[in-house]
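Residue numbers (the numbering used here): 22 to 157. No residue lacks a Cβ here, since even glycine has one placed at the ideal position from N, Cα and C. Source: prediction; values computed, not measured.
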Amino acid sequence: MAQTAAAASARRRTGILADGVFKVVLAAVYAVGAAPLGGRLGVPVWLMIASGVALLIGGGAELAYLRRRTVPTYMRLMIGYDSCWVLATVVGLLVAWRSSGPDSVAGEIWIGCQTVAPLVLVALLAAARPAVRPRV
């Protein structure tokens with residue numbers, strides 16, 4: 022039983038690591054491709070860059086806090102983060118569907134969420150209770 026719990030925790034930590042790395046890579050993509058991606062999404066370049074910076078901060082914080090926060094804390098925060106992302110995606114798609122054209126704010130909704138959510142994640146990770154390390 023203890024081995025199963027340890028294996029599950031290790032798998033979750035690997036998932037947390039992958040999530041943090043994904044955010045850092047996505048941040049680089051947003052920074053490098055800010056102009057073409059922003060143009061396709063109808064988003065100003067500065068917002069793409071701001072989103073990239075926020076994702077870099079969020080991914081970096083996830084990696085930095087990996088050993089200092091509990092897995093259940095991470096799982097709750099990641100579920101909340103991903104739920105926000107899905108909701109922003111659905112809202113953005115609905116807005117794009119209803120009002121396509123240059124006046125659509127669909128891209129700004131989607132990228133705006135990706136700018137704010139990582140910063141909220143960092144604040145919540147920073148405020149979370151540290152993991153207790155057994156003394157050896």
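Write down the C-beta distance between residue 100 and residue 140 rounded to the nearest angstrom, noting that I regard them as a contact closer than 8 angstroms. Sequence index remark: in the sequence shown, residue 100 carries index 79 (1-based). Sequence index remark: in the sequence shown, residue 140 carries index 119 (1-based). Not really, about 18 angstroms apart at Cβ, beyond 8 angstroms.
List the endpoints of the continuous alpha helix (DSSP H) containing residue 80. Within the sequence shown, numbered from 1, the residue matching residue 80 stands at position 59. From DSSP, the alpha helix (DSSP H) with residue 80 extends over 66 to 85.
If residue 128 sits next to residue 53, beta carbons under 8 angstroms apart, how far is it from one beta carbon to the other, in whole angstroms? Along the sequence shown, one-based indexing puts residue 128 at 107. Along the sequence shown, one-based indexing puts residue 53 at 32. About 18 angstroms separates the two Cβ atoms, so there is no contact after all.
Just how far apart, CA to CA, sit residue 110 and residue 62? Working through the sequence shown from its first residue, we reach residue 110 at position 89. Working through the sequence shown from its first residue, we reach residue 62 at position 41. The alpha-carbon atoms of residue 110 and residue 62 are separated by roughly 12 angstroms.
Find the nearest neighbour of residue 72 within the set 142, 83, 132, 126, judged by alpha-carbon distance. On the sequence shown, residue 72 is found 51 positions in, with the first residue counted as 1. With distances taken between Cα atoms, residue 72 lies closest to 132.
Here's the rule I'm using: 16 or more other beta-carbon atoms within 10 Å means buried, otherwise exposed. How should residue 56 be labelled? Looking up residue 56 in the sequence shown gives position 35. Looking at its Cβ environment, which holds fewer than 16 other Cβ atoms inside 10 Å, residue 56 is exposed.
If residue 89 sits next to residue 151, beta carbons under 8 angstroms apart, how far is it from one beta carbon to the other, in whole angstroms? If you number the sequence shown from 1, residue 89 lands on position 68. If you number the sequence shown from 1, residue 151 lands on position 130. Between the beta-carbon of residue 89 and that of residue 151 there is about 6 angstroms, and that keeps the pair under the 8 angstroms contact cut.
Considering Cα atoms alone, identify which of 40, 49, 39 is closest to residue 74. On the sequence shown, position 53 is the one that residue 74 refers to. Selected option, being the one with the closest Cα: 49.
Go to residue 151, then tell me how far its alpha helix (DSSP H) extends in each direction, as first and last residue. What you label residue 151 is simply residue 130 of the sequence shown in a count that begins at 1. Counting along the chain, residue 151 falls outside any alpha helix (DSSP H), and DSSP gives it neither H nor E.
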